[in-house]
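Enquirer: The structure that follows is given in the form of structure tokens.
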Amino acid sequence: MMYSLKIFCDWMLPIELEFDEPVELYVDKIHVDVSLCKKILLLVEPDELTRFSDWVIQNHSYYHAILTHEEKILNACPNAHLMVFGPPWVHSYAFPQKTFGVSTVVGLKKQLPGHWLRLALWRRQEEILIPKKFYTSERGGKIFWRLMHRIKNVHMPLLGESKLPLFDAQFHIAIENCKKTYWFTEKLTDCFQTKTIPIYWGCPNIGNYFDMRGMILVESVDDIIVECNKLTPSTYEQMLKYANANYETSLRYVDFAGRVKEKIQIVMSVE
18 MMYSLKIFCD WMLPIELEFD EPVELYVDKI HVDVSLCKKI LLLVEPDELT
68 RFSDWVIQNH SYYHAILTHE EKILNACPNA HLMVFGPPWV HSYAFPQKTF
118 GVSTVVGLKK QLPGHWLRLA LWRRQEEILI PKKFYTSERG GKIFWRLMHR
168 IKNVHMPLLG ESKLPLFDAQ FHIAIENCKK TYWFTEKLTD CFQTKTIPIY
218 WGCPNIGNYF DMRGMILVES VDDIIVECNK LTPSTYEQML KYANANYETS
268 LRYVDFAGRV KEKIQIVMSV E
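Sequential numbering of the sequence shown, starting at 18, is according to my numbering.
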């Protein structure tokens, strides 16, 4: 008798697998179940948001395998396996002609360091002297629009369901929600999928995955402003070959479900 993989996930994760015993996949969900089937835990959101790591480390033997990017868990749990995230949200991009300038998007969340960094940048955006377009996130809601009138001569259009307007510019300020090893998201890979040069705050070991010559790495709002004001219309052409290389590399992260499926097959084959 064969058993289909049972998935517990709050979003669509299309994985079809069968095993000769019951296997369950839990995505960002932790609980103790007395059933004897093999359980696999997949951690996608960072621990700074979920606060799962300590519990997982204490209860790691409850799982057959833990798939995670959390360095703390990887170092502490013998059944933990590295699983980086990073699937882009932008697909089938048409590659229209880009304009010289920089874009970014800002929301109102204040939970994580990256949220605060975006808000700090928003307050200092007038210090960026090259053409720029700052968007407000649809998730920021009407409150953000009521705050905007406090900054004179600033027009910040609302970014709707599509992220494509962000990538009309040659450069994009991409700020992850938090800065941690192995952790990068669509905020970066959408840049690569659209051949946009990211001005990037995030994963400190990103050079293990992508060519840093196609990126501009920053550590602070001061860095962002300085690097933006260094840009010229020729900078993009000088970096384009590295943008092309990062585009090709980013293709391997498109199918997140496929990568998870492959990892599950590997960990289930090891007893």
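The C-beta atom is built at its ideal place from N, Cα and C for all residues, glycine as well.
Counting C-beta neighbours from all protein chains within 10 Å, is the total for isoleucine 223 16 or more, i.e. buried, or is it exposed?
Expert: Isoleucine 223 should be labelled buried.
Enquirer: Would you tell me roughly how many angstroms separate the C-alpha atoms of glutamine 75 and lysine 89, rounded to the nearest one?
Expert: Taking the straight line joining both Cα atoms gives about 12 Å.
Enquirer: For tryptophan 139, which three-state DSSP category applies?
Expert: Three-state result, tryptophan 139: helix.
Enquirer: In whole angstroms, give me the CA-to-CA distance for asparagine 170 and isoleucine 241.
Expert: With a pLDDT of 44 at asparagine 170, under the threshold of 50, the modelled position of that residue is not reliable, and the figure given next carries that caveat. C-alpha separation (whole angstroms): 21 Å.
Enquirer: Have a look at Gly103, Asn194, Ala191 and flag the residue whose alpha-carbon is nearest the alpha-carbon of arginine 269.
Expert: Taking only the C-alpha atoms, the option nearest arginine 269 is Gly103.
Enquirer: Provide the residue span of the beta strand (DSSP E) that contains phenylalanine 151, from first to last.
Expert: 149–154 is the span of the beta strand (DSSP E), which, as asked, contains phenylalanine 151.
Enquirer: With 8 Å set as the bound, which would you pick, yes or no: does the beta-carbon of valine 243 sit closer than that to a beta-carbon of chain D?
Expert: Absent from the structure is chain D; it holds one protein chain and no more.
Enquirer: Can you name the start and end residues of the alpha helix (DSSP H) that tryptophan 72 belongs to?
Expert: Residues 70–75.
Enquirer: Leaving out five residues before and five after histidine 166 in sequence, what residues of the same chain have Cβ atoms less than 8 Å from its Cβ?
Expert: Note that histidine 166 has pLDDT 48, beneath the 50 cutoff, so the model's placement of it is unreliable and the number below is only indicative. Hits under 8 Å: none found.
Enquirer: Which same chain residues, not among the five before or five after valine 73, have their C-beta less than 6 Å away from its C-beta?
Expert: Ile90.
Enquirer: Just how far apart, CA to CA, sit lysine 56 and histidine 81?
Expert: Answer to the nearest angstrom: the Cα atoms are 6 Å apart.
Enquirer: Do isoleucine 190 and leucine 34 come within 8 Å of each other at the CB atom, strictly closer than that value?
Expert: No.
Enquirer: Please report the distance separating the alpha-carbon of alanine 262 from that of glutamine 114.
Expert: About 19 Å.
Enquirer: Going by the DSSP bridge assignment, what does valine 123 pair with across the sheet?
Expert: According to DSSP, valine 123 bridges with Thr153.
Enquirer: What first and last residue would you give for the alpha helix (DSSP H) that runs through glutamate 203?
Expert: Here the alpha helix (DSSP H) through glutamate 203 covers 203–210.
Enquirer: Assuming leucine 60 and glutamate 38 are in contact, meaning their beta carbons sit under 8 Å apart, how far apart are those beta carbons, in whole angstroms?
Expert: Going by Cβ atoms, the distance from leucine 60 to glutamate 38 rounds to 23 Å, so no, they are not a contact pair.
Enquirer: May I ask you to report which of helix, strand or coil DSSP gives glutamine 128?
Expert: Three-state DSSP puts glutamine 128 in coil, outside helix and strand.
Enquirer: Return the chain-ordered ranges of every beta strand (DSSP E) run that is complete within the stretch 29–93 and spans a minimum of 3 residues.
Expert: For the stretch 29–93, whole beta strand (DSSP E) runs of length 3 or above, ordered along the chain, are 40–44, 55–59, 82–85.
Enquirer: What's the gap between the Cα of isoleucine 168 and the Cα of valine 49?
Expert: A caution first: isoleucine 168 carries a pLDDT of 48, below 50, which makes its placement in the model unreliable, though a value can still be read off. Those two C-alpha atoms are separated by around 50 Å.
Enquirer: So the beta strand (DSSP E) tyrosine 217 belongs to, where does it begin and stop?
Expert: Tyrosine 217 -> beta strand (DSSP E) spans 214–218.
Enquirer: Quick check: threonine 206 and serine 267, are their CB atoms within less than 8 Å of each other?
Expert: Yes, they are a contact pair.
Enquirer: Cutting at 8 Å between CB atoms, please list the residues of its own chain near proline 105, excluding the five before and the five after it.
Expert: Excluding sequence neighbours, proline 105 sits near Glu203, Thr206, Asp207, Phe209, Gln210, Ser267, Tyr270, Val271.
Enquirer: Quick one, are the C-beta atoms of isoleucine 216 and glycine 231 less than 8 Å apart?
Expert: Not a contact, by the Cβ cut-off of 8 Å.
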